[in-house]
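Worksheet for the structure shown next.
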Amino acid sequence: MAAVRRVVPPRSAYLHIPFCHRRCYYCDFAVVPLGDKAGGHSGPGSASIQAYLKDLQREIALSACGPPLTTVYIGGGTPSLLSPAQIRALLDQLRQHFGIQAGAELTLEMDPASFDSQDLVQLLDAGINRVSLGGQSFDDVVLEQLGRRHRRHHLLEACRWLNQAFQRGDLSSWSLDLIQNLPEQSLADWDQQLVQALATDVPHLSIYDLSVEPGTVFAWRQRQGDLELPQDDRAAELIEHTTSTLRQAGLARYEISNYARPGHASRHNRVYWSSSGWWAFGMGATSAPWGERFARPRTRQAYRAWLDDQQSTGLHPSLLRETATPLPLDDCLLVGLRCREGLDLEAQARAAGWSEALCRAHLPALQDRWQPALERGWLQRQGRRLRLTDPLGMTLSNQVLVELLLWWDSLPPGVVAQSSPEEP
Ligand code: SF4
């Protein structure tokens, strides 16, 4: 008898705030640069922000309802450009529409130099209990090269405010983003970044590799031959150093880019990586409430036109339980493998609607493809689960993931459509 995937209503919501002071040189996100003096309630850009918030609130009001939320993530862009009152209004609307469960994780992305200690107090009063700080580097020269607006002293000041709020118990957790694998970055340079990050006592770190995206200033510099990223062996060395340094400091790697002290892993991000559903609202935001992913238009005009369309002709099929397509198995496996726990292949396949016979017929081919990775120590078996080793497997994860994609492409037509949702 075929197993079917159970569709559990989402308990998480992402809100996209697309405004930034300026576009950083490496960034290809859906953002709207408003200038260095932009701000939420008054000042340059405030009319744009207020008009956008109306659209965002219209989208939330149009959404199907669901059970109370257990995680909310307000990301961007630079959401800390909004005033605390505007953040409070967004949370209030989510509370009225879905409900917010007691103890829910409510995260706000903040940029140094876009808020002061008084803003922070008011944001915490509005209900925010986790902050993700876009620090990127403690080095002024690097911040300049990245096109960031803030400087080292802004970052240190923001870390100090956040840590004080955390120590007082006003903030449940906070996280710092850093970028590694930068042009001409030596191991000693990077070590200094880690030392300074640890000195802030931050309980969660997200560490991203610089990637050069089309259409960015960095892509242009690369075409001019003016951007030299570290070679693969140097990049691997940096990641190994990161993992061992942070592990010694008590921060365990729980996902390819994320490290946390016990109890501080991001609950919201775990929703993305566990194949659970989530709501999302705003320009360029990707939702997957019932499995199927859907990315909204990436400009304000196109987003508003899409909203008008939703209002007049009904919600996009992916937003309704009855019409959404379940998340395909390859997507479930891709996100599952990113996490420390890894995945149980057969359990995932059965949950996606594969019969026992189908599992017997097709899963061994994937295991064969992954055998060399097992032998090289990139993958590891633990009972029924397969997981990337740390740091080697996580560093070389693309080489393991590509075998998964090749296997998926090799499946006979029709096999990929073997899942069907079931009412919980
Ligand atoms: S602040 Fe963040 S979202 Fe805004 S441009 Fe820079 S990297 Fe992109």
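Residue numbers (the working numbering): -14 to 409.
The beta-carbon is built from N, C-alpha and C at its ideal position, and this holds for glycine as well.
| said: Give me the DSSP bridge partner(s) of Ile192. | reply: Leu163
| Opening and closing residue of the beta strand (DSSP E) in which Tyr11 lies | No beta strand (DSSP E) holds Tyr11; DSSP gives it neither H nor E.
| field | beta strand (DSSP E) runs wholly inside the segment 191 to 278, at least 3 long, in chain order | value | 237 to 240, 243 to 245, 264 to 266
| message | Could you tell me the alpha carbon to alpha carbon distance between Ser(-3) and Trp263, rounded to whole angstroms? | response | 5 angstroms
| query | Alpha carbon to alpha carbon, how far is Arg115 from Gly62? | reply | 17 angstroms
| request: Would you identify the three-state DSSP class for Pro282, choosing helix, strand or coil? | output: coil
| Contact the segment 172 to 188 vs the segment 108 to 127: 3+ CB pairs below 8 angstroms | yes
| request: Taking only runs that begin and end inside the segment 53 to 102, name each unbroken beta strand (DSSP E) of 3 or more residues, in chain order. | output: 54 to 61, 85 to 95
| query | Using a threshold of 7 angstroms, is the CB atom of Phe266 nearer than that to any non-hydrogen atom of the ligand SF4? | reply | no
| Where do the N-terminal and C-terminal ends of the beta strand (DSSP E) with Gly120 fall, by residue? | 115 to 121
| message | Measuring alpha carbon to alpha carbon, tell me which residue in Ala49, Arg323, Tyr37, Gln78 is nearest Val57. | response | Gln78
| Exposed unless 16 or more other CB atoms sit within 10 angstroms - verdict on Pro(-5) | buried
| For Arg369, the first and last residue of its enclosing beta strand (DSSP E) | From DSSP, Arg369 is part of no beta strand (DSSP E); its letter is neither H nor E.
| message | In the DSSP assignment, the beta strand (DSSP E) including Ser(-3) goes from what residue to what residue? | response | -3 to 2
| query | Is it the case that the Cβ atoms of Leu348 and Ala334 are separated by a distance below 8 angstroms? | reply | yes
| task | Take Thr380 and list the residues in its own chain whose beta-carbon comes closer than 6 angstroms to its own, dropping the five residues that flank it on each side. | result | Ala221, Ile224
| Nearest-angstrom Cα separation, counted from Ala143 out to Val16 | 23 angstroms
| Between the Cα of Phe14 and the Cα atoms of Ala23, Ile34, Ile2, which residue gives the shortest distance? | Ile2
| Curious, which full-length alpha helix (DSSP H) runs of at least 4 residues does the segment 320 to 384 contain? | 330 to 336, 341 to 360, 377 to 380
| field | Which listed residue (Gln384, Gln86, Ile59) has its alpha carbon closest to that of Ala74 | value | Ile59
| said: Can you determine whether any heavy atom of the ligand SF4 sits closer than 7 angstroms to the C-beta of Arg285, and answer yes or no? | reply: no
| said: So, for Asp40: in the same chain, excluding its five sequence neighbours on each side, which residues have a beta-carbon less than 7 angstroms away from its beta-carbon? | reply: Tyr288, Arg289, Leu292
| said: Closer than 7 angstroms to a non-hydrogen atom of the ligand SF4 - does that hold for the CB of Thr80? | reply: Note that residue 80 corresponds to Arg in the displayed sequence, not to Thr. It does not: the Cβ of Arg80 is nowhere closer than 7 angstroms to a heavy atom of the ligand SF4.
| field | Collapsed DSSP secondary structure at Arg(-9) in the structure displayed | value | Note that Arg(-9) has pLDDT 47, beneath the 50 cutoff, so the model's placement of it is unreliable and the number below is only indicative. Strand.
| task | Could you check what DSSP says for Val17 in three-state terms: helix, strand or coil? | result | strand
| said: Considering only heavy atoms of the ligand SF4 and the C-beta of each residue, which residues fall inside 6 angstroms, strictly closer? | reply: Cys5, Arg8, Cys9, Cys12, Phe14, Val16, Gly61, Gly62, Thr63, Asp96, Gly119
| message | Quick check on the DSSP output: the alpha helix (DSSP H) that includes Cys50 runs from which residue to which? | response | First-last for Cys50: undefined, no H or E at that position.
| task | Grab me the residues of His253's own chain with a C-beta within less than 7 angstroms of its C-beta, minus the 5 sequence neighbours each way, in chain order. | result | Ser(-3), Thr56, Tyr58, Glu90, Thr92
| task | Mind the definition here: the segment 200 to 214 touches the segment 147 to 163 only if three or more C-beta pairs lie below 8 angstroms; say whether that holds. | result | no
| request: Could you check how far apart the C-beta atoms of Ile72 and Ala111 are, in whole angstroms? I think they sit under 8 angstroms. | output: 5 angstroms
| Burial state of Asn243, where buried means 16 or more other Cβ atoms lie within 10 Å | buried
| Is the segment 322 to 330 touching the segment 361 to 372, taking contact as three or more C-beta pairs under 8 angstroms? | yes
| Nearest candidate by alpha-carbon position, reference Gly410, set Gln295, Tyr10, Val202 | Beyond the ends of the chain as shown, which are -14 and 409, falls residue 410; an answer cannot be given.
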